Amino acid sequence: MTPEDILSRITIPYEFGACVDLRGVTCEGRLVLDGARITGVDFTGAHFPEGISAVGTEFLGLSWFHEITARDVDFSGALFHNDARFDRAQIAGDADFTKAEFRGVSQFDSARIGGTLGLSAVQGFGNCSLENAEIAGQTQLARSEWFGGLWLDHTRFSSIETGDMLVHGRLWLKQAQLGNRPVPTDSFEISFGYSYV
């Protein structure tokens, strides 16, 4: 399916509860959604060999990228009005969400990121979960703020940057690993809720 075909199907006016079914598609080129307003979409199991660029994109409904494969993804400055699912995503390179805003749940459970995971200056209003995720590059969380808590059960980091990060609600660090050792609790200095380590 061409990027143009995909774009034409998901830039229609949004109706509450509507979701375009694009499960399992293969995109024949880089999918560029920069600055677009996207209706609800389900990309479960879709393939993006040339990656995705969604810089400043506004996702109005469900945004499901569950089990996608992609060369890289750039969602910097994107706005997700509803749940954003990237669980079990396989990203060969970088996954950039710098300055994105998640108004629903942001889910990265069991995702595999081959490069950097950019979450700097993100605002997350729902729970963010990276349970059992594995990030080969640096995970950048500096200046991010998580109002719905942060769930890092069995998450495997190679390195993390957390300066000036704020966590409101539950911070779960049980079995989270930084390299071959547990994630040090002082990596998350400012947490206003319960912390589980």
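Numbering of the sequence shown is given in our numbering, commencing with residue 1 and proceeding in unit increments.
Glycine is no exception: its CB is placed at the ideal position from the N, C-alpha and C atoms.
All figures in this text were calculated on a predicted structure; none of them were measured in a lab.
Cβ separation of residue i and residue j, assumed to be a contact under 8 angstroms, to the nearest whole Å
| i | j | result |
| --- | --- | --- |
| Gln138 | Glu161 | 6 angstroms |
| Cys19 | Leu62 | 5 angstroms |
| Arg88 | Ser110 | 5 angstroms |
| Gly77 | Val41 | Contact flag wrong, Cβ pair sits at about 18 angstroms. |
Other residues of its chain near residue i: CB distance less than 6 angstroms, five sequence neighbours each side excluded
| i | result |
| --- | --- |
| Gly115 | Gly93, Asp94, Gly137 |
| Ala123 | The amino acid at residue 123 is misidentified as Ala; the sequence shows Gln. Counting only Cβ-Cβ distances below 6 angstroms, and skipping sequence neighbours, we find Glu101, Glu145. |
| Arg112 | Gln90, Glu134 |
Residue i versus residue j - alpha carbon distance
| i | j | result |
| --- | --- | --- |
| Phe65 | Asp21 | 11 angstroms |
| Lys174 | Arg85 | 22 angstroms |
| Glu131 | Leu166 | 19 angstroms |
| Glu15 | Pro184 | 45 angstroms |
| Thr98 | Ala121 | 6 angstroms |
| Trp146 | Pro49 | 31 angstroms |
| Arg71 | Leu171 | 30 angstroms |
| Arg23 | Glu4 | 17 angstroms |
| Thr57 | His154 | 31 angstroms |
| Leu33 | Arg156 | 30 angstroms |
| Gly29 | Arg37 | 20 angstroms |
| Gly169 | Gly148 | 6 angstroms |
| Ile6 | Cys27 | 8 angstroms |
| Gln140 | His47 | 25 angstroms |
| Trp151 | Phe75 | 21 angstroms |
| Ala133 | Gly17 | 29 angstroms |
Local Cβ density within 10 Å of residue i, reported as buried at 16 or more and exposed below that
| i | result |
| --- | --- |
| Thr2 | exposed |
| Ser8 | exposed |
| Ile52 | buried |
| Ile12 | exposed |
| Thr39 | buried |
| Gly118 | buried |
Neighbourhood of residue i by C-beta distance below 8 angstroms, restricted to the same chain and skipping five residues each side
| i | result |
| --- | --- |
| Arg103 | Leu79, Phe80, His81, Asn82, Phe125, Gly126 |
| Gly212 | The structure shown has nothing for residue 212, since the chain only spans 1 to 197. |
Cβ neighbours of residue i in the same chain (closer than 7 angstroms, five flanking residues each side left out)
| i | result |
| --- | --- |
| Asp164 | Ala142, Arg143 |
| Ser187 | Ile160, Thr162 |
| Ser129 | Gln107, Phe108, Asp109, Trp151 |
Whole runs of the alpha helix (DSSP H) within the stretch 76-105, excluding any shorter than 4 residues:
none
Taking only runs of the alpha helix (DSSP H) that begin and end inside the stretch 8-62, which ones reach a length of at least 4 residues, in chain order?
none
Beta strand (DSSP E) segments (min. 3 residues) lying fully within the stretch 111-191:
134-140, 156-161
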